[in-house]
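Comments concern the structure below.
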Amino acid sequence: MSPYIHSLIDGSKAVWGISEGHVPTESRPGHVALFAGFYEDVSAVTRGWKHNPIPFDSTFNQSEFSFLWGSPDIINLFSTNIPHSFSEFYSPELEDFASEEASKLDEWVFDKVE
228 MSPYIHSLID
238 GSKAVWGISE
248 GHVPTESRPG
258 HVALFAGFYE
268 DVSAVTRGWK
278 HNPIPFDSTF
288 NQSEFSFLWG
298 SPDIINLFST
308 NIPHSFSEFY
318 SPELEDFASE
328 EASKLDEWVF
338 DKVE
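Just remember that our numbering sits 227 ahead of the position in the sequence shown, which is counted from 1.
Laid out in structure tokens, this is it:
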């Protein structure tokens, strides 16, 4: 690690850890594990994977400000009931995973972040 990152960790201004994704996630590559530190709630299967049935803590609600852009299935997991977050997601109709132009959704996010 760089000396700068070490100074942040040593000065208690940053933390670090190892995050590991796990199944089940259907199409989400372990976002809950990455941002909240636990594996996907298996009972989410009964709710169509739209949200976790149990409220949970994440890096976004512990941050002073959070900015989220992307898929409605993912953004809504982390931005619901967090007043200090700004979130914007593309229309679910734009999600065409069989498309030859799958990068269009990435471009949508990049354009919003700029």
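In this text, a Cβ means the ideal position worked out from N, Cα and C, and glycines have one as well.
Checking the DSSP bridge columns, you'll see TRP296 partnered with GLU315.
By the criterion of a C-beta distance shorter than 7 angstroms, TRP243 is surrounded in its chain by ILE236, once the five residues flanking it on both sides are discounted. Per the C-alpha coordinates, the member of ASP300, ILE302 and ILE309 positioned closest to GLU291 is ILE309. Shown here, PHE324 sits in coil according to DSSP, grouped into three states, outside any helix or strand. Counting along the chain, LYS331 sits inside the alpha helix (DSSP H) bounded by residues 330-340. Looking from the CA of SER298, the closest CA among PHE287, GLU320 and PRO230 belongs to GLU320. LYS240 and PHE313 have their alpha carbons spaced roughly 23 angstroms apart. Membership of ASN288 in the alpha helix (DSSP H) is indicated by the continuous run 286-289.
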